[in-house]
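The numbering of the sequence shown is the numbering used here, which starts it at 4 and goes up by one.
Heads up, the beta-carbon is just placed ideally off N, CA and C, and yes, glycines get one too.
Below is one structure, written out as structure tokens; comments come after it.
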Amino acid sequence: MSHAIRIKPASRVDLSSIPTSADGGMTKEEGKARMVELSGEINELQDLLYAAGEQSLLVVFQGMDTAGKDGAIKSVFRSVDPLGVKSWPFKVPTELELAHDFLWRVHAVTPRKGQLAIFNRSHYEDVLVVRVKELVPVKEWRARYDHINAFEKLLADSGTIILKFFLHISKDEQEERLLAREEEVEKAWKLSVGDWKERESWNAYQAAYEDALAKCSTKHAPWYVIPADRKWFRDIAVAETIIETLKSYTDAWRESLDAVGTIRKAEIDAFRSGQGES
Ligand code: ADP
């Protein structure tokens with residue numbers, strides 16, 4: 004069973020009532036060992052997704068600064084074959100991107116059949132940072148929830164399996180992580196005064212997340228809240244959800260692979276018997 008919290012469609016979301024810290028009854032050592040198994044399973048499932056080529060997988064990561072998007076991606080997908088995976092970071096839009104609708108840059112990098120795409124931030128920034136910093140008029144970002152739902156429905160109807168993870172950390176944990184970055188030379192590249200400034204808008208971001216999660220968690224593109232104060236547990240909760248979801252497709256993928264195998268073998272047999280005749 005997955006340790007992630009699935010948001011029910013059209014429900015109210017109160018992030019303050021959802022724990023940021025959980026351990027699923029495991030120790031850190033047990034968790035790390037479990038993660039090795041889970042990453043192996045994800046590798047096998049992704050191989051099958053790739054080989055069957057019938058569907059694609061889109062995994063979206065969102066979270067406050069330092070929530071661990073980079074870390075989760077690195078850990079959960081550590082064993083997957085790079086041939087079948089692309090990871091896309093979404094930064095401040097360029098002039099060209101801003102000259103289009105907000106989904107233009109996103110749609111361009113959605114995964115083709117057989118492929119896994121990982122979004123490090125996503126189109127949700129257009130109802131998060133854009134709302135908090137008032138980058139467009141209220142009327143404009145308000146209309147975006149419906150646009151997002153329609154867009155994700157289109158992707159799902161076209162064979163994309165969509166999973167969206169909100170990495171949920173506490174404000175105290177964020178402070179600790181920001182301060183820790185100042186202590187470690189290897190993390191100096193992540194230092195940014197912007198992170199401290201954004202932290203001042205913590206409540207506004209939480210409210211924006213609550214709306215995004217409530218309005219855009221659908222049957223075909225669910226949002227999951229991941230207790231993310233413990234990094235090792237965060238990775239397990241994400242990995243379990245991906246595995247649980249993909250497992251419901253594997254019978255169909257195997258069947259279609261069997262069918263392809265039968266056709267290809269018949270073609271080879273026909274080729275061989277043709278060679279015998281000449
Ligand atoms: P990250 O924090 O993801 O590791 P950066 O430090 O480069 O990477 O931050 C990317 C920034 O881009 C974030 O502050 C994010 O809010 C911003 N951003 C992403 N999408 C948009 C958008 N649509 N409009 C405005 N800002 C955006």
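Within 7 Å, strictly: CB atoms of residue i and residue j
| i | j | result |
| --- | --- | --- |
| V228 | I76 | no |
| S5 | T163 | no |
| V16 | L216 | yes |
| S125 | D238 | no |
| T23 | L181 | no |
| Q65 | Y127 | yes |
| I266 | C219 | no |
| P225 | R81 | no |
| T244 | L51 | no |
| L61 | P96 | no |
| Q49 | G87 | yes |
| K193 | R184 | yes |
| A231 | H171 | yes |
| F168 | V263 | no |
| I246 | E32 | no |
Span of the beta strand (DSSP E) around residue i
| i | result |
| --- | --- |
| Q65 | 59-66 |
| F122 | 119-123 |
| K89 | 88-92 |
| V228 | 226-230 |
Element boundaries [alpha helix (DSSP H), containing residue i]
| i | result |
| --- | --- |
| K167 | Segment 163-171 is the beta strand (DSSP E) holding K167; no alpha helix (DSSP H) there. |
| I246 | 234-250 |
| Y148 | 147-160 |
| R184 | 174-186 |
| W192 | Per DSSP, W192 belongs to no alpha helix (DSSP H) and is neither H nor E. |
| L101 | 98-101 |
| I10 | Premise fails: I10 is in no alpha helix (DSSP H) and is neither H nor E. |
| A111 | Run containing A111: none; DSSP gives neither H nor E here. |
| V132 | 132-135 |
| S78 | 72-79 |
| D17 | Here D17 belongs to no alpha helix (DSSP H), and DSSP marks it neither H nor E. |
| Y208 | 205-219 |
Nonlocal neighbours in the same chain, by C-beta distance under 6 Å from residue i, ignoring five residues either side
| i | result |
| --- | --- |
| R147 | D129, V130 |
| F122 | V63, W91 |
| K89 | A120 |
| S42 | R81, S82 |
| G117 | Y53, G56 |
| F105 | D129 |
| D154 | Here the sequence assigns Phe to residue 154, which means Asp is not the residue at that position. L106, listed in sequence order. |
| N285 | The question about residue 285 has no answer, for the chain in this structure spans 4 to 281. |
Contacting residues, own chain, Cβ-Cβ under 8 Å from residue i (five flanking each side not counted)
| i | result |
| --- | --- |
| S259 | A55, E57 |
| E100 | W107, R108 |
| R37 | M29, I239 |
| A159 | I165, H223, A224 |
| R145 | none |
| K94 | R124 |
| K156 | T221, H223, A224 |
| G71 | L170, I172, A231, K234, R237 |
Close Cβ partners of residue i (< 7 Å) along its chain, the five nearest in sequence each way excluded
| i | result |
| --- | --- |
| V135 | S204, A207, Y208, A211 |
| K35 | W235 |
| V141 | none |
| E176 | T23, D232 |
| V133 | V139, W144 |
| S14 | A217 |
| L18 | H171, Q209, Y212, E213 |
| T248 | I164, L166 |
| M67 | I172, Q177, Y208 |
Practice item. Scan the stretch 24-55 and note each continuous beta strand (DSSP E) run of 3 residues or more that stays entirely inside, going in chain order. Key: none
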